[in-house]
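**Q** No gaps in the numbering here: position 329 of the sequence shown is 348 in the numbering used here, and each next residue is one more. Virtual Cβ for every residue (Gly too), placed ideally from N, Cα, C. Owing to the predicted nature of the structure, the values given are computational and were not obtained by experimental measurement. Before anything else, here's the structure in question.
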Amino acid sequence: MASVEIKVPVLPESVADASVATWYKKPGESVKRDEHLVDIETDKVVLEVVAPGDGTLEKILHPKGAVVKAQEVIGLFSMGAIVTAPSEQSTPAPEKATEPSLSPAVRRLAAEKSIDTSTIQGSGKGGRIIKEDILKAVNKTSGIDVPPVTPLAPLPVMPIQGKSKGERADRRVPMSRLRARIAERLIEAQQTAAILTTFNEVNMQPIMDLRKKYKDLFEKKYGVRLGFMSFFVLAVIEALKRFPVVNASIEGQDIVYHDYYDIGVAVSSPRGLVVPVLRQAENLSMPDIEANIATFGQKAKDNQLTVEDITGGTFTISNGGVFGSLMSTPILNPPQSAILGMHKIEERPIVENGEVVIRPMMYLALSYDHRIIDGAESVRFLVTIKEQLEDPARLLLGV
20 MASVEIKVPV
30 LPESVADASV
40 ATWYKKPGES
50 VKRDEHLVDI
60 ETDKVVLEVV
70 APGDGTLEKI
80 LHPKGAVVKA
90 QEVIGLFSMG
100 AIVTAPSEQS
110 TPAPEKATEP
120 SLSPAVRRLA
130 AEKSIDTSTI
140 QGSGKGGRII
150 KEDILKAVNK
160 TSGIDVPPVT
170 PLAPLPVMPI
180 QGKSKGERAD
190 RRVPMSRLRA
200 RIAERLIEAQ
210 QTAAILTTFN
220 EVNMQPIMDL
230 RKKYKDLFEK
240 KYGVRLGFMS
250 FFVLAVIEAL
260 KRFPVVNASI
270 EGQDIVYHDY
280 YDIGVAVSSP
290 RGLVVPVLRQ
300 AENLSMPDIE
310 ANIATFGQKA
320 KDNQLTVEDI
330 TGGTFTISNG
340 GVFGSLMSTP
350 ILNPPQSAIL
360 GMHKIEERPI
370 VENGEVVIRP
380 MMYLALSYDH
390 RIIDGAESVR
400 FLVTIKEQLE
410 DPARLLLGV
C-alpha cells in the first residue's frame, strides 16, 4: 500500500506556527476518505485535517501539544481499501450506506440538530456533507417547531483520587494558543491606547414591544429569530455615519477613515472570546444580520470559524448581558478605536412625563481611544445610539 504524508495545512497570514490539538485516530486504525484525522490549532482558528482516501493511519509523528510549522509532516497514512468482514447473509445494504461518508463532527452536529442528512446536498469535495451544510439546514428549518430536548442530568462532582479532606491541590493546564493571543491583545490595547469609557442607558420597551408584535411573523418569513442584536447593529451604523472618527483607526501618525462598516460581534466559544465580522453591514437587512450572527454563534461553538470570519472589523459590539452582566468597561479590539458594550436588561424606575414608571432598562458602555476621539464625540455617539433604539422608526427613516 502507498504511504502518504499527513501535513499541516497552509497557515493563515501572520501565523508563524501552530500546535497539534487532537488526534481522532490511533495508529493502525482504519479510516475512510475525508474522515476527520486531526485538529491543528492556531491563535486564530482550528484547522481540520482529513484522510486523503480509504486506508489506515500508519504513524503519528507529532503528538497532541506539539508545536508545528506550515506543511510540516505530522503523520503517515497508508492508502488502500478498507477490508470489512463479509456478512453471514447476502442481504442488500440499507439505503443509508449509499450516502457520502460523514465526519464524526458533522455526524454529531446533525444528531444534535435533528437533521436528516439524506435530504442534504453536500457542498464538500465529491458531494461530501460538511458542517456548513448542516448549519444552512438548521437555518432553513428554524421556523418549524422542534420538540424540546430533555437536558442531560448534571454530572456528579467526583472527589480527586488520593486527596484527603482538608488537603489543597493545584492543577496546571497549558493555556490554549487562542487564549494566549487574547491575553497579548488585551495587554497591547491597554498599553498603546488611551482608553476611556462613557456610559448611558436605553429604555428597551419600544424595541421589546416591536419584537413581541412581529417576532413570529419575522421567523416564519425569514427562518431566523428576531433578536436585539440587529437593532443594535443598525443603530451603531447610523451613529458611525454621523461620527466617522469612531469608525477610524490609527496607523503610525495617520488616522485612517473607513468608508465601510465591518461590524465585529463578540461571541463566546469553547476556546475563548472570538469576534467574527459582519462585512459591509450597511448593506445587510435585519434578516441578513440575524442569520449571519446565528451562523457565527454555531460555528464558534463547533470551532469552525475561519480566518476570513474573524479578520478585520472597524467597530465591535460585545454583549455581556447574555451572561448577566449589569455593567462593564469593554476593552478595545486593536486596531479599532471604539467598542460598544451591551448589558443585562433589568426593570428599573425612571421618570416619564413627570411620573415614575417601571421600564426595562439597559446600560450601554462605549470604550474609546481618546487619542483620536474626543469626549464630546463619544458622548454624542452614544446618545445617537440611545435615540435610535428608543425610537425604532428612526432606524428605518435614517433620522
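Report yes if the C-beta distance between Val221 and Leu359 is below 8 Å; otherwise report no.
**A** Their beta carbons are not under 8 Å apart, which means Val221 does not touch Leu359 by this criterion.
**Q** Assess contact between the segment 293-301 and the segment 267-285, defined as three or more Cβ pairs (one per stretch) separated by less than 8 Å. Is contact present?
**A** The segment 293-301 vs the segment 267-285: in contact.
**Q** Going along the chain, which residues of its own chain have a beta-carbon closer than 8 Å to the beta-carbon of Ala213, five neighbours each way excluded?
**A** Correct list, in chain order: Asp388, His389, Arg390.
**Q** Give the list of continuous beta strand (DSSP E) stretches no shorter than 3 residues that lie fully inside the segment 244-327.
**A** As far as the segment 244-327 is concerned, its whole beta strand (DSSP E) runs of at least 3 residues are 268-270, 273-275, 282-288, 291-293.
**Q** For Leu154, name the three-state secondary structure that DSSP assigns.
**A** Leu154: helix per DSSP, three-state reduction.
**Q** Quick check: what's the CA-CA separation for Gly99 versus Gln355?
**A** One C-alpha to the other measures close to 51 Å.
**Q** From Phe315 to Glu374, what distance separates their C-alpha atoms?
**A** If I take the Cα positions, the gap works out to 43 Å.
**Q** On the three-state DSSP scale, how would you describe Glu54?
**A** Coil at Glu54, not helix or strand.
**Q** If the criterion is Cβ atoms closer than 8 Å, does the pair Leu76 and Val92 meet it?
**A** For Leu76 and Val92, no; Cβs fall outside 8 Å.
**Q** Drop a sphere of 10 angstroms on the beta-carbon of Asp393, count the other beta-carbons inside from all chains shown, and report buried for 16 or more, exposed for fewer.
**A** It is exposed - the Cβ of Asp393 has fewer than 16 other Cβ atoms within 10 Å.
**Q** Decide if Glu24 is buried, meaning its Cβ has at least 16 other Cβ atoms within 10 Å, or exposed.
**A** When all chains shown are included, Glu24 counts as exposed.
**Q** DSSP three-state label for Ser49, please.
**A** Ser49 falls in the strand class under three-state DSSP.
**Q** Taking 8 Å as the cut-off, decide whether the C-beta atoms of Ile256 and Ala300 are in contact.
**A** Contact: yes.
**Q** Whose C-alpha, out of Lys26, Gln317, Asp189, is nearest the C-alpha of Gly94?
**A** When each option's Cα is compared against that of Gly94, the closest is Lys26.
**Q** With respect to the beta strand (DSSP E) encompassing Leu95, which residues constitute its N-terminal and C-terminal limits?
**A** Start and end: 92-98.
**Q** Suppose the cutoff is 7 Å on Cβ atoms and the five residues either side in sequence are ignored; what does the same chain contact list for Leu229 look like?
**A** Once the five neighbours on either side are set aside, the close Cβ partners of Leu229 are Pro411.
**Q** Taking the alpha-carbon of Ile139 as reference, which of Val125, Tyr233, Ala156 has the nearest alpha-carbon?
**A** Of Val125, Tyr233, Ala156, the residue nearest in Cα terms is Ala156.
**Q** Buried or exposed: which applies to Asn372, given that a residue is buried once 16 or more other Cβ atoms fall within 10 Å of its Cβ?
**A** Asn372 should be labelled exposed.
**Q** Taking only three categories from DSSP, how would you classify Met381?
**A** The answer is strand: DSSP assigns Met381 an E or B state.
**Q** Taking only three categories from DSSP, how would you classify Leu80?
**A** In this structure, Leu80 counts as coil in the three-state DSSP scheme.
**Q** At the level of alpha carbons, what is the spacing between Arg399 and Lys318?
**A** Distance between the alpha carbons of Arg399 and Lys318: 35 Å.
**Q** Determine the direct distance from the alpha carbon of Val65 to that of Ala89, and round the result to whole angstroms.
**A** Looking at the two C-alpha atoms, the distance is approximately 13 Å.
**Q** Would you identify the three-state DSSP class for Tyr241, choosing helix, strand or coil?
**A** Tyr241: helix per DSSP, three-state reduction.
**Q** Can the beta-carbon of Val39 be found closer than 8 Å to that of Ala85?
**A** Against a cut-off of 8 Å, the Cβ pair of Ala85 and Val39 comes out as a contact.
**Q** Put Gln355 into one of helix, strand or coil per three-state DSSP.
**A** Strand, per DSSP.
**Q** Under DSSP, the alpha helix (DSSP H) around Arg413 begins and ends at which residues?
**A** That run of the alpha helix (DSSP H) goes 412-416.
**Q** The alpha helix (DSSP H) spanning Ala395 covers which residue range?
**A** Unbroken alpha helix (DSSP H) run through Ala395: 394-409.
**Q** Would you report the Cα separation of Phe262 and Lys405, rounded to the nearest angstrom?
**A** Phe262 and Lys405: Cα-Cα distance of roughly 15 Å.
**Q** Where does Glu366 fall in DSSP's three states?
**A** Residue state, collapsed to three classes: strand.
**Q** Short of 6 Å in beta carbon distance, which residues of its chain neighbour Ser288, apart from the five on each side in sequence? Order them along the chain.
**A** For Ser288, where only same-chain residues beyond five positions count, the Cβ hits under 6 Å are Ala319.
**Q** By the 10 Å Cβ neighbour count, where 16 or more other Cβ atoms means buried, how is Gln210 classified, buried or exposed?
**A** Exposed.
**Q** Closer than 8 Å by C-beta to Arg204: which residues in its own chain qualify, once you throw out the five before and the five after it? Chain order, please.
**A** Taken in chain order, the residues that qualify are Asn352, Pro353.
**Q** Report buried or exposed for Met223, applying the criterion of at least 16 other Cβ atoms within 10 angstroms of its Cβ.
**A** The residue in question, Met223, is buried, as its Cβ has 16 or more Cβ neighbours within 10 Å.
**Q** For the beta strand (DSSP E) containing Val68, list its first residue and its last residue.
**A** From DSSP, the beta strand (DSSP E) with Val68 extends over 65-69.
**Q** Beta-carbon within less than 8 Å of Thr217's beta-carbon, same chain only, minus the 5 sequence neighbours each way: which residues are those?
**A** Counting only Cβ-Cβ distances below 8 Å, and skipping sequence neighbours, we find Ala384, Leu385, Tyr387, Gly394, Ser397, Val398, Leu401.
**Q** Mark Ala357 as exposed unless 16 or more other C-beta atoms lie within 10 angstroms of its C-beta, in which case mark it buried.
**A** The residue in question, Ala357, is buried, as its Cβ has 16 or more Cβ neighbours within 10 Å.
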